[in-house]
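Numbering (the numbering used here), first residue to last: 320 to 775.
Where a beta carbon is used, it is the ideal one built from N, C-alpha and C, also for glycine.
Bear in mind that the values here come from a model prediction, so they are computed numbers and not experimental data.
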Amino acid sequence: MNNRRQFFAGAAATMAGLGVARSALAALPEPVIQTSVDTAPPLVPNTGRPYNPVVTLNGWSLPWRMNNGVKEFHLVAEPVVREMSPGFKVNMWGYNGQSPGPTIEVVEGDRVRIFVTNKLPEHTTIHWHGQRLPNGMDGVGGLNQPQIPVGKTFVYEFVARRPGTFMYHPHADEMVQMAMGMMGFWVTHPKARHPHISEVDRDFCFLLNAFDVEPGSRTPKVNTMTDFNIWGWNSRIFPGIDTLNVRLNDRVRIRVGNLTMTNHPIHLHGHEFQVTGTDGGPTPPATRWYEVTTDVAVGQMRQIELIADEEGDWAFHCHKSHHTMNAMGHDVPTMIGVDHRGLVNKLQRVVPDYMVMGERGMADMGEMQMPLPDNTAPMMTGTGQFGPIEMGGMFSVFKVRKDQKPGDYKDPGPYPFPPGTVAREWTGATPAAPRAATPPGQADATVVKPGHGKHH
Ligand SMILES: [Cu+2]
């Protein structure tokens with residue numbers, strides 16, 4: 320459904336595709352509303368200082384207006400409906416038509432003025448997570464400012480003092496408002512060449528978020544602390560998350576922020592990357608090392624960088640296996656090795672449709688068309704060129720192609736594997752492997768438990 324979508328280059332096309340709401344508040348910048356779940360092309364700046372814009376997965380960047388040298392943005396906190404994957408829609412709270420809200424991109428040293436209009440049914444604030452700013456602009460309701468009442472517009476103003484990767488979210492009835500999807504990304508680009516910030520060919524960003532949506536319902540439960548069942552990137556779940564499409568040998572930066580209640584080890588296949596930025600900004604090159612998984616803890620931001628020098632369709636996902644699974648997969652008893660055949664026959668006499676899952680693992684779930692409640696997503700889903708991918712949640716694909724054009728973000732389709740390069744069934748002879756003889760009874764199978772057996 321999200322394959323081979325055409326992307327348009329340039330900010331003009333972006334603006335044309337957006338519905339601009341009529342604002343009764345003439346003095347304020349018109350709030351720009353976006354309801355498409357597509358990944359918007361980079362918003363190339365046509366006012367203010369130049370920078371290389373980011374691409375927000377299944378999201379977009381907020382246009383601004385220049386007013387006497389100040390960059391003015393208008394965020395509208397409001398109820399929204401987010402399609403998390405095809406056919407699965409959730410009632411959320413967000414900003415300007417979406418959860419998450421639009422990405423805000425500014426340049427180091429910019430004076431920024433952000434109008435925030437509250438169209439929620441309760442008060443709110445916005446905290447600019449990670450920024451250096453005057454205390455009264457930090458957005459903690461009750462502590463630094465009065466809450467923004469329903470129907471009112473507040474203004475925040477500060478200078479974006481340091482370059483890096485940031486987030487924004489309410490600091491008012493926080494548990495409820497974040498559980499409902501209120502959050503957004505913020506990138507402050509460097510004002511000049513920075514010794515610790517490299518120029519990249521592609522710069523992606525997304526937020527990690529989690530929801531508790533009972534299968535068949537449409538609204539998240541807001542007091543859940545640990546039992547989330549929907550694990551999203553920018554309020555989308557696989558196969559609803561767009562792929563990250565790059566050109567062979569591109570230098571790629573991926574920025575991730577975590578606004579869930581647990582950590583996420585983010586893992587890329589086929590390449591090594593370095594963490595080039597954290598919550599505190601760019602990391603000095605001497606402190607970097609290569610890895611293939613980096614843990615993003617609660618409230619943290621990480622930016623990773625790599626050279627995409629291996630062609631193919633590379634999995635990119637959270638390494639907690641429950642986080643690459645959608646609702647309904649988390650409370651199933653383990654049935655591996657349990658023989659139900661006699662029982663199933665008896666039960667089917669009473670309940671003709673009765674079936675048992677999981678005797679041979681759960682891979683069947685990727686293929687089986689189980690009847691699902693009206694509004695949810697299959698727990699393991701997605702199809703690749705070789706069959707079911709058996710994933711959900713925080714999973715996407717990093718697509719590296721030598722013929723992907725610079726500036727082209729469209730999905731190139733499945734990777735055309737060179738002949739003879741795919742793992743395949745062995746059809747030759749299978750001679751017994753030589754093995755060292757173990758005399759019977761010699762294998763040591765003693766288990767020593769703490770507090771028993773040997774003492775020092
Ligand atoms: Cu995770």
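Taking the alpha carbon of residue i as the point to measure from, which residue in the options has its own alpha carbon closest?
i	options	result
MET525	ARG574, VAL532 and THR507	Looking at the sequence shown, residue 525 is not Met but Phe. The shortest C-alpha separation from PHE525 is found at ARG574.
ASN377	TYR734, HIS442, HIS583 and SER715	SER715
GLY500	VAL373, GLU476 and VAL541	VAL541
VAL571	ASP457, ASP520, GLY461 and ALA511	ASP520
PRO731	THR702, VAL373, GLY631 and VAL617	GLY631
GLY596	GLY483, GLY712 and ASN386	GLY483
THR436	VAL356, ARG451 and LYS471	LYS471
ALA790	VAL400, ASN577 and MET486	Residue 790 is absent from the structure shown; the chain starts at 320 and stops at 775.
GLU441	ARG432, GLY460 and PRO361	GLY460
HIS508	ARG480, GLY535, VAL399 and MET713	ARG480
PRO361	TYR728, ARG607 and HIS641	TYR728
LEU587	GLY599, ASP598 and THR562	THR562
ASN582	THR444, MET713, VAL400 and GLU476	MET713
ILE445	GLN466, GLY739, ASN415 and PHE635	GLN466
THR606	VAL617, THR613 and GLN593	GLN593
GLY726	ASP546, ASP522, HIS513 and PRO398	ASP522
HIS515	VAL399, ILE623, ASP492 and PRO603	PRO603
TYR475	GLY701, VAL389, PHE705 and ARG401	VAL389
GLN704	PHE736, ALA696, PHE717 and ASP722	PHE736
ILE352	PHE717, LEU462, PRO398 and ALA752	PRO398
MET403	GLY551, GLU610, ASN387 and VAL741	GLY551
LYS285	ARG432, ASN415 and PRO419	One cannot answer for residue 285 here, as it falls past the ends of the chain, which runs 320 to 775.
ALA634	TYR609, GLY701 and PRO369	GLY701
Considering only residues of the same chain and omitting the five flanking positions on each side of residue i, which have a CB-CB separation below 6 Å?
i	result
PHE532	Note that residue 532 corresponds to Val in the displayed sequence, not to Phe. These residues qualify, in order along the chain: VAL409, PRO539 and ILE549.
ALA498	PRO539 and VAL541
VAL495	VAL541
ASP628	ASN568
LEU344	Confidence is the limiting factor: at LEU344 the pLDDT is only 45, short of 50, which leaves the residue's position unreliable, though a coordinate-based value still follows. Correct list: empty, nothing qualifies.
GLN619	ASN577 and ASP598
LYS510	VAL426, GLU427 and GLY428
PHE434	LEU347, HIS393, THR472 and VAL474
Any heavy atom of ligand 2 inside 7 Å of the beta-carbon of residue i?
i	result
MET644	Because ligand 2 does not appear in the structure shown, any question about it cannot be addressed here, the ligands present being ligand 1.
Considering only residues of the same chain and omitting the five flanking positions on each side of residue i, which have a CB-CB separation below 8 Å?
i	result
THR422	VAL373, THR375, GLY378, TRP379, SER380, LEU381, GLY503, PHE504, TRP505, VAL506 and CYS524
ARG720	ASN564, VAL565, ARG566, LEU567, GLU630, PRO731 and TYR734
ILE626	ASN568, ASP569, ARG570, VAL571 and HIS590
ARG537	LYS408, VAL409, ASN410 and ASN694
ALA755	none
ASN463	ASN454, GLY455, MET456 and ASP457
In the DSSP assignment, find the beta strand (DSSP E) that holds residue i and state where it starts and stops.
i	result
ASN391	Note that residue 391 is Glu in the sequence shown here, rather than Asn. Unbroken beta strand (DSSP E) run through GLU391: 389-404.
HIS448	446-448
GLU744	From DSSP, GLU744 is part of no beta strand (DSSP E); its letter is neither H nor E.
TRP550	549-552
GLY461	From DSSP, GLY461 is part of no beta strand (DSSP E); its letter is neither H nor E.
PRO453	Per DSSP, PRO453 belongs to no beta strand (DSSP E) and is neither H nor E.
ILE423	423-426
TRP608	Segment: none, TRP608 is in no beta strand (DSSP E) and carries neither H nor E.
ARG368	Taken as a continuous stretch (DSSP letters only), ARG368 belongs to no beta strand (DSSP E), as it is neither H nor E.
GLN593	592-597
LEU578	Run containing LEU578: none; DSSP gives neither H nor E here.
THR443	Unbroken run through THR443: none, as it is neither H nor E.
ILE585	583-587
GLY416	It is not in any beta strand (DSSP E) - GLY416 carries neither H nor E in the DSSP assignment.
ALA634	631-637
THR643	Note, THR643: premise wrong, no beta strand (DSSP E); not H, not E.
MET620	620-626
ILE433	430-437
ASN386	384-386
LEU563	563-566
Spatial neighbours of residue i within its chain, please: C-beta separation below 7 Å, excluding the five flanking residues on both sides.
i	result
HIS448	PHE485, MET486, TYR487 and HIS488
LEU452	PHE477
MET544	MET580
VAL615	LEU527, VAL575, ASN577, ASN582, HIS583, ILE585 and ARG621
MET320	With a pLDDT of only 35 at MET320, under 50, the local geometry of the prediction cannot be trusted, and no value is derived from it.
ARG384	PRO348 and GLU391
GLY600	ARG481, PRO482 and GLY483
ASP546	ASP531
In chain order, which continuous runs of the alpha helix (DSSP H) of length 4 or greater are located wholly inside the region 477-537? 493-498
Whose beta carbon lies closer than 5 Å to any heavy atom of ligand 1, going through the chain in order? HIS583, CYS637, LYS639 and HIS642
Please specify which runs of the beta strand (DSSP E), each continuous and at least 3 residues long, are wholly inside the region 688-726, giving them in chain order. Entirely contained in the region 688-726, the beta strand (DSSP E) runs reaching 3 residues are, in chain order, 700-703, 706-710 and 714-720.
Which runs of the alpha helix (DSSP H) at least 4 residues long sit entirely within the region 347-381? Give them in chain order. none
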